[in-house]
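J.: Would you mind keeping the following structure in view while I ask a few things?
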Amino acid sequence: MDDQGTTRLDIREQTREVINNIGDILSSMECKLTDIVDVTAFLVNMNDFGGYNEVYAEYFRESQPARTTVAVHQLPHPHLVIEIKATAYKPE
Numbered sequence: 392m393d394d395q396g397t398t399r400l401d402i403r404e405q406t407r408e409v410i411n412n413i414g415d416i417l418s419s420m421e422c423k424l425t426d427i428v429d430v431t432a433f434l435v436n437m438n439d440f441g442g443y444n445e446v447y448a449e450y451f452r453e454s455q456p457a458r459t460t461v462a463v464h465q466l467p468h469p470h471l472v473i474e475i476k477a478t479a480y481k482p483e
């Protein structure tokens, strides 16, 4: 997002932002990205898979959750190119 609030349609930037947001949510529940066991990514353009995969690999080097990537026609906002659903498990 630039200083005027405009979202860029860059898959790498949006992937980083989404994964960082997931990390923040997990942190608020005393969990971390390594607690993720399953990820489903929704891409508007499958040509973006390479950029998404590149950034994804930066975050999930040690732990490698099960992963599904789905092509979708569109997401709820026209400036979104990716959405990620993650499931985490933290033993008590």
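All you need for my numbering is the position in the sequence shown, starting with 1, plus 391.
Idealized CB from N, CA, C, for every residue including glycine.
#1: Near Ile410, which residues of its chain fall below 8 Å by C-beta distance, leaving aside the five closest residues on each side in sequence?
#2: Which of the three DSSP states is assigned to Phe433 in this structure?
#3: Between Ile427 and Ala477, is the Cβ-Cβ spacing less than 7 Å?
#4: How far does the alpha helix (DSSP H) with Thr425 in it extend, from its first residue to its last?
#5: How many Å lie between Met437 and Ala462 at the Cα?
#6: Going straight from the alpha carbon of Val435 to that of Ser418, what length do you get?
T.: If we stick to the structure as given:
#1: Sequence-distant partners of Ile410 (beyond 5 residues in either direction) whose C-beta falls short of 8 Å from its own C-beta, in its chain, are Leu424, Val446, Tyr447, Tyr450 and Ile475.
#2: Correct three-state label for Phe433: strand.
#3: If you check the CB distance, Ile427 and Ala477 come in under 7 Å.
#4: Premise fails: Thr425 is in no alpha helix (DSSP H) and is neither H nor E.
#5: Approximately 6 Å between the Cα atoms of the pair.
#6: Distance between the alpha carbons of Val435 and Ser418 is about 28 Å.
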